[in-house]
Structure formats: structure tokens, C-alpha cells
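Sequence order for the protein chains is A and B.
One rule links them: number in our numbering = place in the first sequence (from 1) + 60.
One rule links them: number in our numbering = place in the second sequence (from 1) + 573.
Note that beta-carbon positions come from the ideal geometry of N, C-alpha and C, so glycine has one too.
Just so it is clear, the structure is predicted and the values come from calculations on it, not from any experiment.
Notes follow the structure.
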Amino acid sequence: DAKTTQPTSMDCAEGRAANLPCNHSTISGNEYVYWYRQIHSQGPQYIIHGLKNNETNEMASLIITEDRKSSTLILPHATLRDTAVYYCIVRVEYGQNFVFGPGTRLSVLP
Amino acid sequence: DTAVSQTPKYLVTQMGNDKSIKCEQNLGHDTMYWYKQDSKKFLKIMFSYNNKELIINETVPNRFSPKSPDKAHLNLHINSLELGDSAVYFCASGNLWATSNTGELFFGEGSRLTVL
């Protein structure tokens, strides 16, 4: 599975959009990009995933560049409850190995 | 109903003891995992089972032995506990081989193990 790199930490003002970048320059054609988050010490929570098209759900939007070497998770209106560690993961279709990196610690500030 | 439940949530024990953590999922998933999150907050995969068959077995001391009596349960037994085993252990499940799956993993709330 391809590796990912993310900034260690980011701040975002409450009510503003939070844009979390992820680099996955060695991604293969059959590898999906997944985003999870972990709030405090709870179990990680799935947010969204995509292959090459941009995706949107009730939690977030995922923008994947045309060359698929990077992506951005967008939380459109961040709230204090979005403060968490956000993990970008690359996984081959039907692959069992979800490898979590250090992630990005997002702090939403009032 | 909790989708992925782990017991116990907290476990404090002495070095050298043997302990077990249990995990159950009621989602009908075919794959279950154990992850370890240490004090540095890195989340590392330990084991993965698919339909009771061991699929992933990362470099983990053989004091750790997973057991899957059926595909809804994956327990973790740890022998001769050491200080370095102190961590939060997360169980997760997913339906990874179904053709319509999203590949989403569902995690339990974690079991915090403290070895004194």
C-alpha cells in the first residue's frame, strides 16, 4: 500500500472551512484514499473515501487531484467538535491492510 | 445497540499476569482487527481475521494470541504481560470482501490496558 504524508497539526477558526491535505505520490491505480478521524481517545471514525472522482457526504468533501498524487479533505463549516486527529489512508480495493500514519491534529478554535 | 463492543474498557494488572480482551461485532462483517495505540498515539495493526481465518499477523510478540471462535468475535489473549504492553487496544470490523462494500472499518471504543 502506498504511503501518505500529512502535516502534523493545523488550526482552523470555528465556522470556517478546514482543508486538510494529504500526499500519496506513490498511489497505484487500484488504491483508494480513505479518511478517518479520532476524537480524543475514542475509536477512529470513518469519514469518506474515493478513487479518483471528488466525493461528498454529510460529513465532508474529498477532493482528489487529477494525477491522484494528493487529496484534500474539506470540512465545510468546522465546529469545536471537529477537533480531532485526521488520518489519510491509502488502501487497495478489497485490501485488508488499513495502515494509519501519525495523522494531522486539527484544532478548531473558537 | 453498540456495533463493535469491547470488554473490559479498562484493565489494570501486574507484570507477568495473563489477561484477555474480548470483542464482538453485531454488524455481520466478515473481517475483524486488533489495533494497538501506544502512548505516542500511533495506531498499529496487530492482527486481522477474515471469517475466522488469520489474514494479517504483524510483527507482534508471540505472547499475544488472537482467537476467533466465530466471525462475530475476536478475542485477544496476552501472556506474561510487560510494562510495554500498556496501551489502548482497539477492535475493528469491516465487510471488506463484499462486492458492494465501502471498505469502511467500524471501531470499538477501545480497551485501556495498564501494566504495573
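- Counting only runs that start and end inside the stretch 128-160 of chain A, the beta strand (DSSP E) elements of at least 3 residues fall at 130-135, 144-152.
- The beta carbon of A/Met-119 sits closer than 7 Å to the beta carbons of Ile-107, Ile-108 from its chain, once the five residues preceding and following it are set aside; these are given in chain order.
- Chain-ordered, the chain A residues with CB closer than 8 Å to the CB of B/Ser-621 read Gln-156, Asn-157.
- In this structure, the straight-line span from the alpha carbon of B/Tyr-622 to that of B/Ile-628 is close to 5 Å.
- With fewer than 16 other Cβ atoms inside 10 Å of its own Cβ, B/Glu-655 counts as exposed.
- DSSP lists no bridge partner for B/Phe-615.
- The bridge partners DSSP lists for B/Val-577 are B/Gln-598.
- The three-state secondary structure of A/Leu-80, taken from DSSP, is strand.
- By the Cβ-count criterion, B/Val-577 is buried, with 16 or more other Cβ atoms from all chains shown falling within 10 Å of its own Cβ.
- At least one CB atom of chain A sits nearer than 8 Å to the CB of B/Gly-683.
- Straight across, the Cα-Cα distance linking B/Met-588 with B/Pro-642 is about 27 Å.
- For the C-beta of A/Ser-121, not a single chain B residue is nearer than 7 Å; the gap to the nearest is close to 16 Å.
- Here the alpha carbon of B/Val-585 sits roughly 20 Å from the alpha carbon of B/Pro-639.
- Counting along the chain, the unbroken beta strand (DSSP E) around B/Asn-630 starts and ends at 626-630.
- Beta-bridge partners assigned by DSSP to B/Thr-675: none are found.
- B/Ala-665 places its beta carbon less than 8 Å from that of B/Gly-681.
- Taking 8 Å as the cut-off between beta carbons, the residues of the stretch 84-111 of chain A near chain B are Tyr-92, Tyr-94, Tyr-96, Gln-98, Ser-101, Gln-102, Gly-103, Pro-104, Gln-105, Tyr-106, His-109, in sequence order.
- Looking at the DSSP output, B/Gly-667 sits in a beta bridge with B/Thr-604, B/Leu-678.
- Annotated as distal: A/Pro-67 and A/Thr-143, with beta-carbon spacing of 8 Å or more.
- Apart from the 5 residues on each side of it in sequence, A/Ser-130 sits with its Cβ closer than 6 Å to the Cβ of Asn-83 in its chain, given in chain order.
- Within the same chain, Cβ atoms closer than 7 Å to the Cβ of B/Ile-618 are found at Tyr-606, Tyr-608, Ile-629, Glu-631, the five residues on either side in sequence being excluded.
- At a beta-carbon threshold of 8 Å, none of the residues of chain A lie near B/Gly-601; the nearest stands roughly 17 Å away.
- Around the Cβ of B/His-602, a 10 Å sphere holds 16 or more other Cβ atoms; the residue is buried.
- The shortest C-alpha to C-alpha distance from A/Val-159 to any of A/Leu-169, A/Tyr-94, A/Arg-141 is the one to A/Tyr-94.
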